[in-house]
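Visitor: Be aware that the sequence shown starts at 1252, since it is given in the numbering used here, and climbs by one per residue. Every residue gets a Cβ at the ideal spot worked out from N, C-alpha and C, and that includes glycine. A quick note: this is a predicted structure, and the numbers were derived from the prediction, not measured.
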Amino acid sequence: MGETPRLIATDIDGTLIRDDHTVSARTAGVLARITGQGTPVVLVTGRPVRWLKMVYDQLAEPLPAVCANGAVVYDPARDEVLRADPLAPQHLAEVAERLRAEVPGIAFAVEILDSREMRHEERYPLRWDADHEAIRPVRTPEELLSVPAVKLLVRAGEQDPDVFVELVAAAVAGLAEATHSSNSGLVEISAAGVTKAAGLDWYCDRLGVAAADVLAFGDMPNDVPMLTWAGRGVAVANAHRAVLAVADEVTAANSEDGVAAYLEKIFGVD
1252 MGETPRLIAT DIDGTLIRDD HTVSARTAGV LARITGQGTP VVLVTGRPVR WLKMVYDQLA
1312 EPLPAVCANG AVVYDPARDE VLRADPLAPQ HLAEVAERLR AEVPGIAFAV EILDSREMRH
1372 EERYPLRWDA DHEAIRPVRT PEELLSVPAV KLLVRAGEQD PDVFVELVAA AVAGLAEATH
1432 SSNSGLVEIS AAGVTKAAGL DWYCDRLGVA AADVLAFGDM PNDVPMLTWA GRGVAVANAH
1492 RAVLAVADEV TAANSEDGVA AYLEKIFGVD
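#1: Would you say the segment 1318-1336 touches the segment 1380-1397, given that touching needs at least three Cβ pairs under 8 Å?
#2: Identify the continuous beta strand (DSSP E) that holds Glu1500 and give its terminal residues.
#3: Since I believe Ile1357 is in contact with Val1398 (beta carbons under 8 Å), could you give me their beta-carbon distance rounded to a whole number of angstroms?
#4: How about Val1501 and Ala1486: do their beta carbons lie closer than 8 Å?
#5: Spell out whether any CB of chain C is found under 8 Å from the CB atom of Asp1262.
#6: Report the start-end ranges of each beta strand (DSSP E) in the segment 1426-1497 that is 3 residues or longer and not cut off at the edges.
#7: Distance check for Val1401 and Ala1339, CA to CA, integer angstroms please.
#8: Does DSSP put Glu1331 in a helix, in a strand, or in coil?
#9: Leaving out five residues on either side along the sequence, give the residues of the same chain with a beta carbon under 8 Å from the beta carbon of Ile1285.
#10: Restricting to Cα atoms, I'd like to know which of Asp1499, Glu1393, Ala1352 is closest to Ala1421.
#11: Nearest to Gly1444 by CA position, among Ser1432, Val1423, Pro1313, is which residue?
#12: Assuming Thr1296 contacts Ile1263 under a Cβ cut-off of 8 Å, what Cβ separation, rounded to an integer in Å, is found between them?
#13: Can Asn1489 and Asp1474 be called in contact, C-beta distance under 8 Å?
#14: Would you tell me roughly how many angstroms separate the C-alpha atoms of Leu1267 and Ala1503, rounded to the nearest one?
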């Protein structure tokens, strides 16, 4: 990649925003100036579409997003999903069957309707928007797995996330992708071949931008495919060791506006 990338792709949580979920004025300003100069910025996140508003409200204007770890490509200007690549019900059922056989006490939730809504088993612990109208429990396991899901969420009590994701990945190998982006023992499962890299690749192809011309930022294992795919992959200093291992460069931590600092240097803006 040349000195100036043609597209910026950045993870949100732990990367672009601070630990209190705020976008600093510095970061919002840098993104506005870069997009104003004509370079696209894309948010590439494990978040569902319904969790983007809290970020958009802190930006000068909403940015296109690759959500649900690559399963959903979203255009906020039109409130339109450009692409969705969900797990089909039959694949959901097979994944759930494999995992119930391997993991005692496992509990499931699914992101459905292009991640605009979530359904969960009663015993699945909710962390964020438990009272949101889009979040509802199901009465039976069959109901949970009856519609396509852009992401299957898996918990089994408190787990070491790195160990747990290896167990889950081995159980679903050949059928689905397993990754994680938190320290709470949550594993996120997508359809086979669906990663942040795959979703971003589809969007970049639509714009005529090659992977070699993309600058990407991340902090957690679900960012590894994107950082290795992009022409330049940059980890924030607080990143997981798996991300630091594959990154081309390391910038300051998310709490120190590491993405903004790096972009100021590359684009000569402040």
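Guide: Answer, in terms of the structure:
#1: No contact exists between the segment 1318-1336 and the segment 1380-1397.
#2: 1500-1502
#3: Wrong, their Cβ atoms sit about 20 Å apart, outside the cutoff.
#4: yes
#5: Here chain C cannot be found, since the structure has a single protein chain.
#6: 1427-1430, 1438-1442, 1465-1469, 1483-1487
#7: 9 Å
#8: strand
#9: Closer than 8 Å at the Cβ level, and outside the excluded window around Ile1285, lie Ile1259, Val1292, Leu1514, Phe1518, Val1520.
#10: Ala1352
#11: Val1423
#12: 5 Å
#13: At a Cβ-Cβ threshold of 8 Å, Asn1489 and Asp1474 do not count as neighbours.
#14: 11 Å
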